[in-house]
Amino acid sequence: MSTRKTLEILDLYTLETRELSVPQISEIMNIPQSSVYRYIRILKEKKYLMETNRGTYRLGLRFLEMNNMINLNNELSLAATPVMTQLMNETQETTVLVILSGFQTICIENISSSFHMVKVSSEPGKFIPLYAGASSKAILAYMGNDAVNKLFKHGIVQKHTENTITDKNALLDNLKDIRTLGYAESDNELDEGVYTYAVPIFSTHTIIGSLSVAGPRERMIQKDKEQLIASLKKAAQQIEQNI
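In terms of this note's numbering, the sequence shown is residues 1173 to 1415.
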């Protein structure tokens, strides 16, 4: 089945064209109605289209869900930026905000340290493995064991550095510790020479992202760990209150 054709059907919908019938789609795209039905069946199953009582099709609830996610991401970024800037000034290290995106996380905000430069994978718009690094594991820890099982079942887990955890039981133990402590930390796990602390961010008791502080290992291990974690947790709470 052509993915392109499926997407082209969705592209037919506009503010002026909110409902379409199978014959209309068939005529516009110049493809058999039997093919249109096959494409629509998949789109209905995935909630991208819904059938009306007139036998036509309109955009489905999946788009509303996606719109809500986009709005939440925008709200999260707006709520987090001033808090992250304050945290960066307080710790003098880079602060990072990531959210879940399928079997990965994606960085939506990065306030680079104006005191010390550090190169990290967590740059705005960049995808990050869900199983590696404190930023991602602070999210994965609250997604349940099924999420971890799927990562290994689909062969997604791989080494990025010598410190990347690629054993399932070891990763599950690590995630359990994260839940117990309320924070994650990683040492050369995703980026060589980078040490990171991260805490989860929740919205109505659902994990939506994480906030982290990252810096060169030799400098981070000299910091007051308890104070840094306390500052991170306080910042995360402020963000949660603002969204």
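Beta carbons are placed, not taken as given, at the ideal position from N, Cα and C, and that holds for glycine.
Can the beta-carbon of THR1336 be found less than 7 Å from the beta-carbon of GLU1361? Residue 1336 sits at position 164 when you count from the first residue of the sequence shown. Residue 1361 sits at position 189 when you count from the first residue of the sequence shown. Taking 7 Å as the Cβ cut-off, THR1336 and GLU1361 qualify as a contacting pair.
For the putative contact between ALA1386 and SER1294, defined by C-beta atoms under 8 Å, what is the C-beta separation to the nearest angstrom? Counting from one through the sequence shown, the residue named residue 1386 turns up at place 214. Counting from one through the sequence shown, the residue named residue 1294 turns up at place 122. At roughly 7 Å, the Cβ-Cβ gap stays under 8 Å, so ALA1386 and SER1294 are in contact.
If you pair each beta-carbon of the stretch 1187 to 1197 with each one of the stretch 1228 to 1240, do three or more pairs fall below 8 Å? yes
Buried or exposed for PRO1204, please, with buried defined as at least 16 other CB atoms from any protein chain shown within 10 angstroms of its CB. As a working mapping, residue 1204 is identified with position 32 in the sequence shown. Label assigned to PRO1204: exposed.
Please classify MET1315: does DSSP put it in a helix, a strand, or coil? On the sequence shown, residue 1315 is found 143 positions in, with the first residue counted as 1. DSSP places MET1315 in coil when its eight states are reduced to three.
Whose C-alpha, out of LEU1323, THR1175 and LEU1272, is nearest the C-alpha of SER1207? If you number the sequence shown from 1, residue 1207 lands on position 35. Nearest option by C-alpha distance: THR1175.
Beta-carbon contacts of LYS1405 that lie in its chain and below 8 Å, excluding the five residues immediately before and after: Walking along the sequence shown from the start, residue 1405 turns up at place 233. Cβ within range, chain order: GLY1354, TYR1355 and VAL1371.
Skipping 5 residues on each side, what residues in its chain have a beta carbon closer than 7 Å to that of GLN1276? Numbered from its first residue, the sequence shown carries residue 1276 at position 104. Answer for GLN1276: PHE1299, ILE1300, PRO1301 and LEU1302, listed in chain order.
For the stretch 1326 to 1366, which segments carrying the beta strand (DSSP E) assignment without a break, of at least 3 residues, lie completely within its bounds, in sequence order? 1356 to 1359
From MET1222, ALA1319, GLU1412 and LYS1291, residue whose alpha carbon lies closest to that of ILE1380: Mapped onto the sequence shown, residue 1380 falls at position 208. It is GLU1412.
Does the structure place the stretch 1246 to 1256 close enough to the stretch 1265 to 1275 that three or more beta carbon pairs sit under 8 Å? yes
Of the choices LYS1216, GLU1390, SER1358 and ASN1282, whose alpha-carbon is the least far from that of LEU1250? To locate residue 1250, count along the sequence shown from 1; it is residue 78. Checking every option, the nearest Cα to that of LEU1250 belongs to ASN1282.
Rounded to whole angstroms, what's the CA-CA distance from LEU1221 to THR1186? Just pull it up for me. Within the sequence shown, numbered from 1, the residue matching residue 1221 stands at position 49. Within the sequence shown, numbered from 1, the residue matching residue 1186 stands at position 14. Taking the straight line joining both Cα atoms gives about 14 Å.
Whole angstroms are fine: how far does the CA of ILE1328 sit from the CA of VAL1320? Looking up residue 1320 in the sequence shown gives position 148. Looking up residue 1328 in the sequence shown gives position 156. Here the alpha carbons of ILE1328 and VAL1320 stand approximately 10 Å from one another.
Whole angstroms is fine: what's the gap from ALA1394's alpha carbon to ASP1359's? For the purposes of this step, residue 1394 is identified with residue 222 of the sequence shown, where counting begins at 1. For the purposes of this step, residue 1359 is identified with residue 187 of the sequence shown, where counting begins at 1. It should be pointed out that residue 1394 corresponds to Gln in this sequence rather than to Ala. Spanning the two alpha carbons is a distance of roughly 13 Å.
With a 10 Å radius around its C-beta and 16 neighbouring C-beta atoms as the bar for buried, classify GLY1305 as buried or exposed. For the purposes of this step, residue 1305 is taken as residue 133 along the sequence shown, with counting starting at 1. By the 10 Å Cβ count, GLY1305 comes out buried.
Do we get a CB-CB distance below 7 Å when we pair GLN1399 with the residues of chain D? The question asks about chain D, but that chain is absent: this structure has only one protein chain.
At which residues does the beta strand (DSSP E) containing VAL1270 begin and terminate? By one-based count along the sequence shown, residue 1270 stands at place 98. Taken as a continuous stretch (DSSP letters only), the beta strand (DSSP E) holding VAL1270 covers 1266 to 1273.
Classify ILE1214 as helix, strand or coil using the three-state DSSP reduction. The residue you call residue 1214 lines up with position 42 of the sequence shown. Of the three classes helix, strand and coil, the one that applies to ILE1214 here is helix, per DSSP.
Cα-Cα separation, VAL1366 to LYS1216: Taking the sequence shown and counting its residues from 1, the one referred to as residue 1366 is at position 194. Taking the sequence shown and counting its residues from 1, the one referred to as residue 1216 is at position 44. Cα to Cα, VAL1366 sits roughly 45 Å from LYS1216.
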